[in-house]
Every structure is written in structure tokens, then in C-alpha cells.
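In what follows, a structure is listed as C-alpha cells, so that the remarks can point back to it.
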Amino acid sequence: MSTTTQWDNIFHGLDTTAGKLRMSSGGLGWKPIGGDASATITIPADHMHAFHWVRVARNFQLSIHLNRDRETPLPSQPNPRRSTFDGFLREDYDKLAAQIRQFFGKPLEATEISMRGWNWGKADISNTDVQFLVRDKLAFELPLAHLANSNIAKTEVSMEFLNPEQQQPVANTGASADGRASSSSKSRKGKGDQLVEMRFYIPGQATKDDASDAAGEGAAAGAAGGADGADGDNETAAEAFHEALKSKADIGQVAGDSIVVFKEVLVLTPRGRYDIDVFHNFIRLRGKTYDYKILHSSMNKLFLLPKSDEIHVMLVIGLDPPIRQGQTRYPYLVLQFPREEEMDAELNIDDETLQTKYDGKLKKRYEEPTFRIVTNMFKVLSGQKVSTPGEFESSSGQSSIKCNVKATDGNLYPLEKSLIWVSKQPVYVPYSDIHQAVLSRVGGAVASSKTFDLRVINKSGSEHTFQSISREELDRLKAHLGERKVKIKNEMAEETGGIAAAAAAGLLSDDDEDMEDVGGRGGGDDDDEDSEEDEDFRDEDSDDGGSPSEASSDEDDGGGAGGASDAERPRKKRKD
1 MSTTTQWDNI FHGLDTTAGK LRMSSGGLGW KPIGGDASAT ITIPADHMHA FHWVRVARNF
61 QLSIHLNRDR ETPLPSQPNP RRSTFDGFLR EDYDKLAAQI RQFFGKPLEA TEISMRGWNW
121 GKADISNTDV QFLVRDKLAF ELPLAHLANS NIAKTEVSME FLNPEQQQPV ANTGASADGR
181 ASSSSKSRKG KGDQLVEMRF YIPGQATKDD ASDAAGEGAA AGAAGGADGA DGDNETAAEA
241 FHEALKSKAD IGQVAGDSIV VFKEVLVLTP RGRYDIDVFH NFIRLRGKTY DYKILHSSMN
301 KLFLLPKSDE IHVMLVIGLD PPIRQGQTRY PYLVLQFPRE EEMDAELNID DETLQTKYDG
361 KLKKRYEEPT FRIVTNMFKV LSGQKVSTPG EFESSSGQSS IKCNVKATDG NLYPLEKSLI
421 WVSKQPVYVP YSDIHQAVLS RVGGAVASSK TFDLRVINKS GSEHTFQSIS REELDRLKAH
481 LGERKVKIKN EMAEETGGIA AAAAAGLLSD DDEDMEDVGG RGGGDDDDED SEEDEDFRDE
541 DSDDGGSPSE ASSDEDDGGG AGGASDAERP RKKRKD
């Protein structure tokens, strides 16, 4: 019998390129047809401990479970616990089973797939996968290595998964071939859909000693299971499943292989206190409610910013993809440290690794302010530069400006190459993306004359408005943006010019009215007297024509009083 067996048109994992699979007593290898030689997959015989035959979309699959206790995982494997090969035909089973038994002394176990389509069953956690079983038949399975995070809410357990870029070998190391952080996530056009989250409803009670089985029994029993074991000594089935998931997937605390641990770090976004475990390929944030696994390759921006209180320092970490908390996405982590807090930290790395893997950029021991240690660690592990405030200085001597975005207070930091506004959800705007910066005052009203708004219009058409900026910062901000070649439109100057023109026009109008009033007051007494005389004259004429007897009586009365009016004298003259 031949010492080497080959199968053609075999696909590795989710790869769309077919290749050739060869198997011998030393192990197996897969090479894509016409593909890059660096994509070749090799698995030594002593790395494989179980083989499964599964019906999948691309005919049949050979699923190989790898030894978990290996000191170093295979660098060619995106999933260090399992490797799959699709494309086998049904008639290949007997030949493949015979070769596996001959070369590796292991059986090829056929896994029966459930076709019922039920969404209820039993959830089982193995060393490599989360399996969902319907009547003891496999409905689907999810690799634990692709699990990024797990959260629990009463009887519901959610599982969040890494994106495709993070599941690749290069991305999982946190560095590309040239030693820099992978940038494969920059272009995602043409990519298909990807599972990002799945939730299990698991009612009932369970004990810690039987986490997986209790979770499955609780899911199968339904609400009726909640009445059993309701005493406080037992945890819920959802909690047991969640803890087992964290343990098997290394989501929770992992002892022994972390580089360093930072305890009780205050995280402003998402808010809470977390223990930060730093590993060679990722960091782990462990809180009371939520845990997060963040690959170093996901960190694409680092900002070290002083707070305006001059007591604290913030480390802002940009993430791509963002972490998720339910339906909320957090593209930035905001860590806060006391400026004067120091710590003594010793890294769990040997001297040789410090020199060979990290080029001496990390020290074995640190006795420095905590924020400097954390910043330096993330800078080296992610391969990203740290952006800090530059020459800009506000009217109060700070490197930031207080302002609002919508109804949220925050601080705007004009940096050398970008603007970043830090609050619950930071806003980052590179100067190179800005089409125009518009300075305006809302309505030009007197009440708002002490503040102005900065509206940033991006080349993509999106806008960000930073409101209620102190009027004292206007000249400094204009000068800073102008030096960075940002196009500025000052609507405040236009408003001021319009208001001045309107005021000047109003002043001239008032002057004309005053001149008319002065002219009117110059001959006002004569006019009034003439008017009164005319009115009296018309009244008297009317009276005379209507009742002559009364007119004679009035005339006699006036003469008796010795005070005849001016209106009466022309009447007398007219009688003559």
C-alpha cells in the first residue's frame, strides 16, 4: 500500500479555493491549487487526537480535533483546536477511514446531523465547539476559538463572535508578516454576511458541577424546570452555561500565560471597573457583568489626553471592529488613570522573548506612573503610534475646549492631525477628511453672543457640530485650523456685518425722525392755536346757525366775565 494518499478538490475551512490533501504516517498537508505557497496547511500526526465525518454544504467534511495541551499552537491554523476539510464524496468514507486508522491509529467517527429544523434542544460545550443537539443529533456547532465574548441576562446567554479578519492566522497574532498590525479589515467590500451574535434562552436551575448538562436539560425542560432547585444554593442553568463557556473558550480569567494584569482600571466607555489581562495576542477586560476579548490587531488608534481637571489622564483606544454590549457598539475604549498613581509591574516574559519578539521595546520591570505603563504596553503590542496634544492651548491654558455634542458635555482636543471630542461616545475627525469648518453663532442673538458653534463638514457629506464653545476660543481655534490648511467659513463675521449694517440703517432712520420732531416743535404752538381757533370757529358757526338765542347768551356771559376768547373777537369783527 502506498505510503502517501491524496484527495483532490478539497477545501480547507471556509476557504473558497480548492486544493490537494495528502496524508501520510507523519501527518497531513493541504495546498491550494495555483495558490500562494504560504497558504499551505500542515498538521503533524501527534497534534491530531480525533477525526469526525460530517455532512456539510460542500458534500462531506473531515473534522480533525487537535490537541489542546500543545505548548505552541500551529501557526498555520486559524482555529488552534480544530481543522476542517470539505469536499469529500460519500464513497470516500471507507478509504479515508482506513487511511486514518493505518497512519494514526484513530477511528473516523460519523456524526449524524439533525434535519428537523427545531430551535430548541440541548446545548453542549466540548473542548473545541459549542454544539446544539436536537434529540441527540447535531444541528450545528460553533468553534470556541471564534468566540469573542459572552454575556448573561437572567435566563439568556449571548455569544459574540470574531469577524472574519480576526479569525485569520495573521490577524490572530496581532501582527502581519512585516511585524505591523494587520490592516486586512480596511477593505471589506464584497465580503459576505458573517455571524456576529447568537443567544440561547436557558431556563431552570443547575449546579456548578454539571454546567453543560444542566444547561441542556434546562433548555429542554422549559419554564417548568424553573420550579426545581429554586433554593439559593444552586445557580441557574444560564449562569452555569455562561461560566462553562467562559472557562472552555478562555473568555474569563486565564492564569499563567498573561503578560501582566492591571487591576480595577476605571473605564469611562463602556463605563465600569475592569481588570485588564494583557496577553501576547489580545487583552481581556473582566468586569462584574461584562467580559471583553480584544485582539491587538483591533486597536487602530491610540490617544493619550490630559483631563481639564489636571488630576487624571485618559487613554482613548480606537477599535475596529468595535466591541458590542447588546445592541450598542463601542468603537472607542476610554480608560482613565490618576496622573500621580504609580505601580511596580514585572512582565511575565523572558529576556529572550523581549529581545526577539518585541525588539527590546518592552522592559522586564516597570516602576512608573500607571498610565505610562499601560500606554507603552498597548503601543508596542498593537504597533500603533500614540497621539498626544500638540501646540494648541486654550484661553485657560488647557489642551482642550469645553463644548457639547447635541445634549452631551465633553472636551474637544485640537490635535496636530485631527480633532477628537471625548465623552461617552468619542468623535474623531481627521483634518484630511474635513471639507469645511463653519464657525457660527446661533441666530446671532445677544443671549448667545458669548458662545459659538463649530460645524465640521466632512468630504463624505457627514457633519459634526460642536456647540456652546466659549467666544474666547474663537481666535485660537481659527488660527489652529488655518495652520492645518482647513477651509474655514466664518458665519459670525457675516452676521456681525449684517447686524452693523442694520444698526447703521436704524440709526439714520432715527436721526431723520428726530429732525422731523425738532422741525415740528419749532412752530408747534402756532399750529396748535390755529387748529384750536379753526375748531372753535367751526363749532361757533354751527352753534350760531342752529340756535341764535344761545349764542347771544354766551356772548353776554363772556363779556360779563371780562375774558372773551380770541375766537370770539374775529366773530365780532365779522358782524361789523
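Numbering follows UniProt numbering, with no gaps: position 414 of the sequence shown is 414. Glycine included, every Cβ here is placed at the ideal spot set by N, Cα and C.
Assignment of Ala98 by DSSP, reduced to helix, strand and coil, places it in the helix class. Sorting His242, Leu454, Val196 and Gln194 by C-alpha distance to the C-alpha of Gln205 places His242 at the top. Where Gly287 is concerned, there is no enclosing alpha helix (DSSP H), because DSSP gives it neither an H nor an E.
Across the structure, Phe11 and Thr3 are spaced so that their CA atoms are roughly 23 Å apart. Note that the C-beta distance between Glu346 and Arg365 is below 8 Å. Sorting Asp129, Ile125, Gly117 and Leu147 by C-alpha distance to the C-alpha of Arg135 places Gly117 at the top. Under the rule that a run must span 4 or more residues, the alpha helix (DSSP H) segments found entirely inside the stretch 363-428 read 370-382. Going by DSSP, Leu347 is part of no beta strand (DSSP E) at all; its letter is neither H nor E. Nearest Cα to Phe452 within the set Asp433, Tyr274 and Ile401: Ile401. CA-CA distance, Lys417 to Lys485, rounds to 11 Å. Counting along the chain, His146 sits inside no alpha helix (DSSP H), nor does DSSP assign it H or E at all.
It is roughly 40 Å from the alpha-carbon of Ala39 to the alpha-carbon of Phe371.
Boundaries of the beta strand (DSSP E) harbouring Ala123: Lys122 to Ile125, taken from the DSSP string. DSSP places Asp475 in no beta strand (DSSP E) but in the uninterrupted alpha helix (DSSP H) bounded by Leu474 to Glu483.
Closest option to Glu235, judged by alpha-carbon separation, among Gly29, Ile152 and Ile323: Ile152.
DSSP places Ala244 inside the alpha helix (DSSP H), whose first and last residues are Ala237 to Lys248.
The shortest C-alpha to C-alpha distance from Asn149 to any of Thr155, Met159 and Phe140 is the one to Met159. A straight line joining the alpha-carbon of Phe200 with that of Leu481 spans about 51 Å. Between Leu335 and Val265, the CB-CB gap stays under 8 Å. At the C-beta level, Leu144 and Lys248 come within 8 Å of one another. A Cβ-Cβ distance of about 7 Å is found for the pair Phe60 and Leu89, placing them in contact under the 8 Å criterion. Sorting Asp320, Lys379 and Pro322 by C-alpha distance to the C-alpha of Leu304 places Lys379 at the top. Annotation: Ser25 to His47 spans about 12 Å, alpha carbon to alpha carbon.
DSSP places Asp129 inside the beta strand (DSSP E), whose first and last residues are Asp129 to Val134. In terms of Cβ geometry, Leu138 and Ile113 form a close pair [threshold 8 Å]. Taking all protein chains in view, the Cβ of Arg81 is crowded by 16 or more other Cβ atoms within 10 Å, so the residue is classified as buried. Residue environment for Arg324: buried (at least 16 other C-beta atoms within 10 angstroms of its C-beta).
Taken through DSSP and simplified to helix, strand or coil, Phe279 comes out as coil.
Taking the Cα positions, Asn9 is about 47 Å away from Ser432.
Counting along the chain, the unbroken beta strand (DSSP E) around Leu295 starts and ends at Asp291 to Leu295. Per the coordinates, the alpha-carbon of Asn490 lies some 23 Å from the alpha-carbon of Ser396. Leu381 and Asn281 have their C-alpha atoms spaced approximately 8 Å apart. In this chain, the beta strand (DSSP E) harbouring Glu264 covers Val260 to Thr269.
Per the coordinates, the alpha-carbon of Asp129 lies some 10 Å from the alpha-carbon of Phe140.
In chain order, His52, Val54 and Thr84 place their CB closer than 6 Å to the CB of Ser63, counting only its own chain and leaving out the 5 sequence neighbours on each side. Residue pairing for Ser158: DSSP places it in a beta bridge opposite Asn151 and Arg199.
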